[in-house]
Amino acid sequence: MIDYINAITLLANYIIVPSLAYGSQLALGALGITMVYAVLRFSNFAHGEIMSFGTMISIFIIWLFQSIGISINPLPTALLALPFSITATIILLLILDKTVFRYYQQQRVQPVTFMIVSVGVMFFLAGFIRFLIGTSKKNFDDGERFIVKASQFKQMTGLAEGLSIRTTQAITVIVTILLVIFIFWFLNKTRTGKSMRAFSDNEDLALLSGINPERVIIITWILVGVLASVAGTLYGLDKGYKPFVYLQLVLPIFAAAIVGGVGNPIGAVAGGYIIAFSEAFITFAYKRFLTYLLPKEWAPEGLVQILSTEYKFAISFVLLVIVLLVRPTGLFRGKTL
Amino acid sequence: MKLWNQKSNKKVFLLFALMSGALLIVGFFQSWNLMLAILNLCLISAVMSLGVNLQWGYAGLFNAGIMGFAALGGLAAMLVTKAPVIGAWHAGGFGILLGMFILVVSAILAYFVWVRLEGRGKKRYWYVIFIVVIGYIISRFVLGPAIISIESFEPSSSGYLGGAGLPVLLSWFVGGLLAALVAFFIGRITLGLRSDYLAIATLGISEIVIFIFKNEDWLTRGVKNVTGIPRPVPYEIELQSSIWFQNLSEYIGIGVIQASSLFVKLCYTSLFLSVLLILLWLCEKALNSPWGRMMRAIRDNETAASAMGKDVTSRHLQIFVIGSAIVGIAGAMLVTLDGQFNPTIYHPLRFTFLIWVMVIVGGSGNNFGAILGGFVVWFFWIEAEIIGNALVQILTLPLSDSSSLKEHFLNTAPQLRLLIMGLVLLLFLRFAPRGVIPEKTLRKLSE
Amino acid sequence: MTFFEGKNMYAGYGATMILNGCSISVDRGKITVIVGPNGAGKSTAMKALFGMLPLSRGSVTFDGKDIVHLRPEQRVMLGMAYVPQTSNVFPSMTVLENLEMGGFIRIDDLSSTIAEIFDLFPILKTKQGQAAGELSGGQRQQVAVARALMTQPKILMLDEPTAGVSPIVMDELFDRIIDIAKMGVAIVMVEQNAKQALQIADRGFVLVQGENKFTDTGSSLLGNSEVRKAFLGG
Numbered sequence: 339m340i341d342y343i344n345a346i347t348l349l350a351n352y353i354i355v356p357s358l359a360y361g362s363q364l365a366l367g368a369l370g371i372t373m374v375y376a377v378l379r380f381s382n383f384a385h386g387e388i389m390s391f392g393t394m395i396s397i398f399i400i401w402l403f404q405s406i407g408i409s410i411n412p413l414p415t416a417l418l419a420l421p422f423s424i425t426a427t428i429i430l431l432l433i434l435d436k437t438v439f440r441y442y443q444q445q446r447v448q449p450v451t452f453m454i455v456s457v458g459v460m461f462f463l464a465g466f467i468r469f470l471i472g473t474s475k476k477n478f479d480d481g482e483r484f485i486v487k488a489s490q491f492k493q494m495t496g497l498a499e500g501l502s503i504r505t506t507q508a509i510t511v512i513v514t515i516l517l518v519i520f521i522f523w524f525l526n527k528t529r530t531g532k533s534m535r536a537f538s539d540n541e542d543l544a545l546l547s548g549i550n551p552e553r554v555i556i557i558t559w560i561l562v563g564v565l566a567s568v569a570g571t572l573y574g575l576d577k578g579y580k581p582f583v584y585l586q587l588v589l590p591i592f593a594a595a596i597v598g599g600v601g602n603p604i605g606a607v608a609g610g611y612i613i614a615f616s617e618a619f620i621t622f623a624y625k626r627f628l629t630y631l632l633p634k635e636w637a638p639e640g641l642v643q644i645l646s647t648e649y650k651f652a653i654s655f656v657l658l659v660i661v662l663l664v665r666p667t668g669l670f671r672g673k674t675l
Numbered sequence: 006m007k008l009w010n011q012k013s014n015k016k017v018f019l020l021f022a023l024m025s026g027a028l029l030i031v032g033f034f035q036s037w038n039l040m041l042a043i044l045n046l047c048l049i050s051a052v053m054s055l056g057v058n059l060q061w062g063y064a065g066l067f068n069a070g071i072m073g074f075a076a077l078g079g080l081a082a083m084l085v086t087k088a089p090v091i092g093a094w095h096a097g098g099f100g101i102l103l104g105m106f107i108l109v110v111s112a113i114l115a116y117f118v119w120v121r122l123e124g125r126g127k128k129r130y131w132y133v134i135f136i137v138v139i140g141y142i143i144s145r146f147v148l149g150p151a152i153i154s155i156e157s158f159e160p161s162s163s164g165y166l167g168g169a170g171l172p173v174l175l176s177w178f179v180g181g182l183l184a185a186l187v188a189f190f191i192g193r194i195t196l197g198l199r200s201d202y203l204a205i206a207t208l209g210i211s212e213i214v215i216f217i218f219k220n221e222d223w224l225t226r227g228v229k230n231v232t233g234i235p236r237p238v239p240y241e242i243e244l245q246s247s248i249w250f251q252n253l254s255e256y257i258g259i260g261v262i263q264a265s266s267l268f269v270k271l272c273y274t275s276l277f278l279s280v281l282l283i284l285l286w287l288c289e290k291a292l293n294s295p296w297g298r299m300m301r302a303i304r305d306n307e308t309a310a311s312a313m314g315k316d317v318t319s320r321h322l323q324i325f326v327i328g329s330a331i332v333g334i335a336g337a338m339l340v341t342l343d344g345q346f347n348p349t350i351y352h353p354l355r356f357t358f359l360i361w362v363m364v365i366v367g368g369s370g371n372n373f374g375a376i377l378g379g380f381v382v383w384f385f386w387i388e389a390e391i392i393g394n395a396l397v398q399i400l401t402l403p404l405s406d407s408s409s410l411k412e413h414f415l416n417t418a419p420q421l422r423l424l425i426m427g428l429v430l431l432l433f434l435r436f437a438p439r440g441v442i443p444e445k446t447l448r449k450l451s452e
Numbered sequence: 196m197t198f199f200e201g202k203n204m205y206a207g208y209g210a211t212m213i214l215n216g217c218s219i220s221v222d223r224g225k226i227t228v229i230v231g232p233n234g235a236g237k238s239t240a241m242k243a244l245f246g247m248l249p250l251s252r253g254s255v256t257f258d259g260k261d262i263v264h265l266r267p268e269q270r271v272m273l274g275m276a277y278v279p280q281t282s283n284v285f286p287s288m289t290v291l292e293n294l295e296m297g298g299f300i301r302i303d304d305l306s307s308t309i310a311e312i313f314d315l316f317p318i319l320k321t322k323q324g325q326a327a328g329e330l331s332g333g334q335r336q337q338v339a340v341a342r343a344l345m346t347q348p349k350i351l352m353l354d355e356p357t358a359g360v361s362p363i364v365m366d367e368l369f370d371r372i373i374d375i376a377k378m379g380v381a382i383v384m385v386e387q388n389a390k391q392a393l394q395i396a397d398r399g400f401v402l403v404q405g406e407n408k409f410t411d412t413g414s415s416l417l418g419n420s421e422v423r424k425a426f427l428g429g
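Chains as they are written, first to last, in my numbering: chain A, 339 to 675; chain B, 6 to 452; chain C, 196 to 429.
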């Protein structure tokens with residue numbers, strides 16, 4: 339019996355807790371990509387850099403707060419910085435909308451042209467961000483680091499396996515749940531949210547119903563700004579901030595959005611967790627897990643790993659490609675909000 | 006049939022003359038060595054953008070996996086030229102071959118089952134998954150020990166199987182062929198997708214390819230790099246010790262060391278230039294042939310073309326394979342120039358999207374435009390570092406020299422070139438979407 | 196004076212002119228039907244009347260005011276409503292949400308209008324929680340008409356409301372349209388099923404190549420042998 343509990347604790351420690359946190363970050367990112375896709379109808383390659391921008395602002399604000407001695411110990415100062423970085427990201431997006439995206443939206447260009455435009459924005463932002471903050475890794479997870487430490491857990495339960503939950507992981511999951519609930523409430527219950535869904539469903543009919551497209555687009559960018567800066571900050575809090583990582587993050591995020599069904603918010607959230615959990619399950623070495631469960635003489639010798647850990651990122655691309663080929667509309671049949 | 010009117014001819018000539026002028030300025034004011042180094046990479050970039058232009062400019066296919074194909078070309082260059090590591094082959098060669106055989110057999114079997122069970126609903130998914138998984142597990146049992154023994158064979162110097170030890174120039178063909186082969190499979194499965202999904206899918210697949218190169222050390226030495234790839238041109242040391250070259254450098258009046266390095270670079274330049282010119286000639290031929298006209302007709306109106314009985318997907322596959330092959334050749338050339346295969350350099354932001362900027366800035370649909378774009382964008386990519394630095398110097402003038410802020414911005418100034426490239430791309434898309442040398446329209450061609 | 200009138204309209208796409216001086220008019224509580232062969236410019240005339248296609252010549256007046264320069268959204272504000280021929284609902288939204296979106300420009304309480312609409316189209320009340328895209332063709336057309344009615348329009352314009360529905364559903368839809376007209380709404384519609392449509396029309400316009408060929412009451416057009424022969428299949 340104790341072996342079963344140990345095995346489950348092992349999975350919880352190495353797969354469930356980290357994947358919940360990573361999946362939450364992906365889900366928020368994918369939600370942002372999906373909203374742009376549903377309303378403006380293009381795949382926004384710049385989304386990773388928008389997340390990076392939000393994180394950068396968070397870090398600047400944290401540095402400012404730390405230098406004047408403001409903190410909310412035991413919680414990380416990042417939570418206090420979030421409102422500022424959200425505001426800054428929204429302002430950035432509205433400027434980008436006005437100067438870049440709006441023109442192509444009005445021209446009703448092909449999605450692929452729009453996507454190339456977003457590549458240009460991605461380049462621009464990447465350069466801008468790296469120029470401002472540099473390329474080195476920055477950690478900003480101050481405050482209490484752990485909610486439960488592995489050693490404490492072992493002591494408390496007397497198990498052989500430990501379970502550690504970092505503060506950042508818990509914060510990530512909680513903030514994600516709150517934000518996702520807010521977004522779904524907004525889209526399904528408010529007049530403005532419904533008008534966004536209507537616009538995404540049938541743009542021409544939305545115009546005929548007197549829905550102002552300009553307003554819908556601005557609100558979309560505002561929500562995307564909230565999602566992107568929160569997702570970026572949470573990711574940086576959890577794993578450290580390194581500007582070029584956010585470029586690589588775009589693909590798993592696209593994978594999450596497409597696996598779930600691009601344009602479908604439920605799909606985006608589900609896709610985020612699907613990607614995170616598959617990465618963890620496929621690259622986990624099951625040796626210890628099986629040792630607990632199997633009789634002694636059956637205990638495995640090798641690592642019992644489906645793919646080596648180096649391929650972690652590649653798994654999301656494989657899932658992405660498989661879904662694009664087998665079911666391009668995604669698991670949740672996306673197209674509109 | 007007159008292909009070009011005088012005016013656009015003159016403009017192209019003028020633009021290329023300006024580009025040469027810019028390179029000469031670098032030669033005179035910075036150094037000739039730097040100028041040739043830039044020129045050689047300009048030529049490789051131009052070949053790549055020629056390939057991308059085939060796909061995007063002729064057919065409207067957005068291939069975001071350029072770095073994957075370049076890496077395949079690079080791999081070919083490495084595998085063709087490096088000498089085989091006999092010890093490693095003895096240690097695990099058989100296991101690798103057997104493992105690969107099992108993988109290929111299970112893939113063929115899976116394909117066969119997939120085709121035979123057409124229309125049997127969900128069942129065929131499960132059968133195919135089952136075959137692939139079983140094949141993978143069996144191959145793992147064979148490959149695992151083989152890989153370990155190969156990678157532990159003299160890990161500091163080899164630890165991989167090595168290559169075939171064949172001439173370098175052959176590797177450029179092989180690079181093209183390998184890229185074409187992979188492009189065929191990628192194209193077969195992705196070309197039915199919507200244009201923006203095609204971009205994401207190709208980007209994803211190329212990342213997978215590069216991931217494999219980074220991690221399968223038995224094949225590529227992974228991040229330990231394969232260095233010392235044989236050259237198609239003489240080595241500087243050999244030149245410096247040969248009498249005729251010493252005489253030559255004395256005659257020209259520059260030091261023998263500098264002369265040897267210039268000479269080697271010039272050899273590369275002439276090789277790359279020949280490749281570029283041959284490919285350009287072929288691309289122009291293709292563009293103005295009925296095939297090229299049909300390609301563009303398909304691009305401009307896919308529905309109408311398919312209604313007229315044109316097989317759009319197979320035409321797209323053709324051009325996807327050809328364009329990728331050209332990128333593969335360029336990839337092989339790049340590795341030959343560097344003399345090493347390093348899978349970590351194939352970074353999508355730095356290169357894939359840069360090639361896209363080249364094609365769009367140069368003029369998509371026009372081969373001369375693509376080549377000019379390759380030159381201009383690569384030139385500014387290198388020189389933007391200097392421009393960015395100067396810009397920061399000016400902007401931070403009010404700050405004192407010891408200011409840490411100034412130091413920080415001087416350190417991060419090279420990043421400004423990303424910003425400049427993004428800005429250039431955005432400005433072109435908005436104000437000159439047809440590029441510097443726009444596509445010759447079909448109507449003009451028939452005049 | 197006619198309540199709503201497009202007079203002597205010229206319009207087209209690019210260089211090709213579709214409308215060559217056609218005129219359409221309707222009065223409060225009346226039904227106007229536009230018929231004609233394919234390519235006669237029926238749908239184009241509707242778009243021109245609603246401001247979705249700019250006129251190169253001609254006028255559109257609403258209640259005596261010239262509205263030719265107003266954008267479609269502004270015409271919605273004035274009390275005009277339009278039901279396109281295709282994609283005329285929000286498919287992923289529920290029937291009720293479709294109605295709410297139809298009344299988006301109204302800031303007052305929508306519930307009484309929704310109740311009226313459910314009286315008119317009882318089936319929609321039972322399906323109110325279902326996504327409009329999942330409904331049958333006839334029900335979807337009802338949603339489309341109902342959505343347009345949410346602004347309590349004075350003019351309702353319908354582009355082939357019965358396209359692709361069964362004859363029984365068509366008769367029911369026409370009955371509803373008569374009911375709507377009885378509430379005082381002016382109705383302009385384009386119809387393929389010319390015979391049935393002219394039976395309920397107060398006024399009929401036969402368009403050929405963007406011009407008015409015949410204009411008369413519905414019943415006299417039906418009685419006109421020339422019209423019957425050329426457009427109604429004998």
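Every residue gets a Cβ at the ideal spot worked out from N, C-alpha and C, and that includes glycine.
- When the beta-carbon positions are compared, B:MET363 and B:PHE277 stay at least 8 Å from each other.
- The alpha-carbon of A:ARG626 is positioned some 9 Å away from that of A:ALA637.
- In summary, B:PHE106 is exposed, with fewer than 16 beta-carbon neighbours lying within 10 Å of its beta-carbon over all protein chains present.
- In the three-state reduction of the DSSP assignment, C:SER220 falls in the strand class.
- Every alpha helix (DSSP H) of 4 residues or more that sits fully in the stretch 216-286 of chain C is shown, in chain order, as 237-245 and 267-273.
- Across the structure, A:PRO414 and A:SER489 are spaced so that their CA atoms are roughly 22 Å apart.
- Against B:GLU390, chain A offers no close residue; the least beta-carbon distance is about 12 Å (beta-carbon pairs closer than 8 Å).
- For A:ILE549, the chain C residues whose C-beta falls within less than 8 Å of its own C-beta are MET296 and PHE299, listed in chain order.
- Of the other Cβ atoms in all chains shown, 16 or more fall within 10 Å of the Cβ of C:ALA341; this residue is therefore buried.
- Per DSSP, C:MET288 lies in no alpha helix (DSSP H) and is assigned neither H nor E.
- Look at B:LEU59 here: in three-state DSSP terms it is helix.
- Inclusion of A:ILE556 and A:LEU369 in the CB contact set at 8 Å is not warranted, their separation being larger than that value.
- Taking a 10 Å sphere around the C-beta of C:ARG270, we find 16 or more other C-beta atoms and assign the residue as buried.
- Of all residues in the stretch 176-205 of chain B, only ILE194, THR195, LEU198, ARG199, SER200, ASP201, TYR202, ALA204 and ILE205 place a beta-carbon less than 8 Å from a beta-carbon of chain A.
- C:THR410: member of the beta strand (DSSP E) spanning 406-411, first to last residue.
- The Cβ-Cβ distance between A:ALA365 and A:THR528 does not fall below 8 Å.
- For the stretch 451-480 of chain A, the beta-carbon criterion of a distance under 9 Å to any beta-carbon of chain B is satisfied by THR451, PHE452, MET453, ILE454, VAL455, VAL457, GLY458, VAL459, MET460, PHE461, PHE462, LEU463, ALA464, GLY465, PHE466, ILE467, ARG468, PHE469, LEU470, ILE471, GLY472 and THR473.
- Using a CB distance cut-off of 8 Å, A:ALA536 counts as an interface residue toward chain C.
- A direct Cα-to-Cα measurement between B:ARG301 and B:ALA188 gives close to 21 Å.
- At a cut-off of 8 Å, the C-beta of B:PHE21 has no neighbouring C-beta in chain A.
- Following the DSSP letters along the chain, one finds B:ASN416 inside the alpha helix (DSSP H) bounded by residues 409-417.
- Each of B:TRP223, B:LEU396, B:ILE257 and B:GLY192 was checked against the Cα of B:LEU102, and the nearest Cα belongs to B:TRP223.
- For A:GLN448, the secondary structure class from DSSP, reduced to helix, strand or coil, is coil.
- Between the stretch 449-462 of chain A and the stretch 378-388 of chain A, the count of Cβ pairs shorter than 8 Å is three or higher; the stretches touch.
- According to the DSSP assignment, B:ALA395 belongs to the alpha helix (DSSP H) that extends over 372-400.
- By the C-beta criterion, the stretch 654-668 of chain A is judged to be in contact with the stretch 607-625 of chain A, since at least 3 inter-stretch pairs fall below 8 Å.
- Not one beta carbon of chain A lies nearer than 8 Å to the beta carbon of C:MET384.
- The three-state secondary structure of B:PRO403, taken from DSSP, is coil.
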